[in-house]
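Residue numbers (full-length UniProt numbering): 1 to 161.
C-beta: ideal position from N, C-alpha, C; glycine also.
Just so it is clear, the structure is predicted and the values come from calculations on it, not from any experiment.
Encoded as structure tokens, the structure appears first; notes follow it.
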């Protein structure tokens, strides 16, 4: 965490944005912890809370829209070709698509609160054919609410470093 802190202290909001935009690709530090730490930095006056919310949502949305786009472009063919290697038969893929048609929008929103879920949901949203408008609406709600939640937790809890 100290290295991340050094990056934020040196590069400021740009480091926060880049880290969260790239976090969707599985950087070794959970986004939830990073956002809580940004909240802590806001509580000690290093960063501005309101600007941190904006930059956090922007960074998270950038990463998730990119992953959605990958799912949209190559998701379905990739899953059809290699899905059998991870137990995703065409029949199971159809069930996933049916489930996603019914619950996918809310899974996008609530997926922000389950570590690792956001990464999978973004990709599946694109590969299932969810419209970009619908995806953006539910992803923005989830990104905003989760960012405010984790920033506030970090703001209120005093870290020992």
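Along the alpha helix (DSSP H) that carries residue i, what are the first and last residues, could you check?
i	result
residue 109	90 to 110
residue 45	No alpha helix (DSSP H) contains residue 45, which DSSP labels as neither H nor E.
residue 18	13 to 23
residue 153	132 to 156
residue 118	117 to 127
Below 6 Å CB to CB, which residues in the same chain sit around residue i once its five sequence neighbours on both sides are set aside?
i	result
residue 117	111
residue 135	68 and 125
residue 72	126
residue 1	Because the pLDDT of residue 1 is 48, which lies under 50, any placement of that residue in the model is unreliable, and the number read from its coordinates should be weighed accordingly. So the list is empty, once near-sequence residues are dropped.
residue 14	none
Comparing the C-beta of residue i with each C-beta of chain D, is any distance below 8 Å?
i	result
residue 14	Absent from the structure is chain D; it holds one protein chain and no more.
Assuming the contact rule is C-beta atoms closer than 8 Å, residue i and residue j should be a hit. Round their C-beta distance to whole Å, please.
i	j	result
residue 55	residue 16	5 Å
residue 108	residue 138	4 Å
residue 20	residue 31	6 Å
residue 24	residue 63	3 Å
residue 147	residue 60	7 Å
residue 8	residue 41	6 Å
residue 35	residue 150	4 Å
Can you find the residues in the same chain that come closer than 7 Å, C-beta to C-beta, to residue i, ignoring five residues on each side of it along the sequence?
i	result
residue 79	88, 93 and 127
residue 113	146
residue 75	123, 126 and 127
residue 105	134 and 138
residue 57	143, 144 and 147
Worksheet item: Would you call the stretch 47 to 62 and the stretch 91 to 101 touching, i.e. three or more CB-CB distances under 8 Å?
Response: no
Worksheet item: How do the stretch 115 to 125 and the stretch 147 to 155 stand: do at least 3 beta-carbon pairs fall below 8 Å, yes or no?
Response: no
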